[in-house]
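Sequential numbering of the sequence shown, starting at 0, is according to numbering that gives the first Met the number 0. Read through the structure below, which is laid out as structure tokens, and then see the notes.
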Amino acid sequence: MFDRITRLATTASTNDVAAALEEGSVVVADQQTAGRGRRGRNWFSPPGSGLYVSVVLAPSRAADPRRATALLTLAAGVAIAEALDQSAALHVDLKWPNDLYVGRRKLGGILAEAATTGGPIERVVLGCGVNIGRAAYPPELANRATSIETEIGRLVDREALLAASLGALARRYADLLAGRFGDILDAWRGRAPSASGSRVTWTSGAGPLDGVAMGIDDDGALLLRIDDRTERVVSGEILWK
């Protein structure tokens, strides 16, 4: 499926390069100078230390385009977690909506962005950043980030990880297109222990609210129990306690 791969030594953002390409295209960089994460945050992308890859998908082709688009980030998280199991024998937890963790340290993240503005969303650029090697993290990340090689104590073949990631993404994308949403939801829930029972603070336009995570619904929204009501969260900032 992903047979058109553009390889770059350095780029500002693999997502920006991929936005001009067609479905099935892949952009891989050794370094990003302006990598970004969710809500406009910078993504630390030093040379030779991570997997920085973006793929172009078209969930508009799915049997149910609305649900396929809604579950795209969760499906990608499952795929990358499966690739890490396969290529590095490393089990990771998923944290809603787009993060990969080992214990309390963040290993990677996923960012889905529409490739066009205005009108129906036909193509989506899915960016994945995974910390592979040890790196001198900025002070604000030093106590919160980890890498594959730190966790498993040996070097990782980046090409093998890339191949495993693209293979797993292709399989989970096929699930989305075919409407096998239950398979994706079950796999995500099985890898996301924090999604049920954790205390969180949700910050939205109405300000911060404390609640308890009650899992996700069938569209991938996080359910929060706040006082005597259940809120369905699709946006805003979640602080896990």
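The beta-carbon is built from N, C-alpha and C at its ideal position, and this holds for glycine as well. On a predicted model such as this, the values are computed, not experimentally measured, just so you know.
The distance from the Cβ of residue 79 to that of residue 193 is about 17 Å, inconsistent with a contact at the 8 Å cut-off. Between residue 112 and residue 18, the C-beta spacing is below 9 Å.
One alpha carbon belongs to residue 49, the other to residue 227, and they sit about 43 Å apart. Of the other Cβ atoms in all chains shown, fewer than 16 fall within 10 Å of the Cβ of residue 142; this residue is therefore exposed.
Leaving aside the five residues that flank residue 32 on each side, the residues in its chain whose CB is nearer than 7 Å to its CB run, in chain order, 9 and 11.
Residue burial is scored here from C-beta neighbours: residue 41 has fewer than 16 other C-beta atoms within 10 angstroms and is therefore classed as exposed. Residue 94 is bridged by DSSP to 98. Spanning the alpha carbons of residue 213 and residue 4 requires a straight line of approximately 39 Å. Taking C-alpha positions only, residue 237 is separated from residue 201 by approximately 5 Å. A direct Cα-Cα distance of roughly 17 Å separates residue 187 from residue 110.
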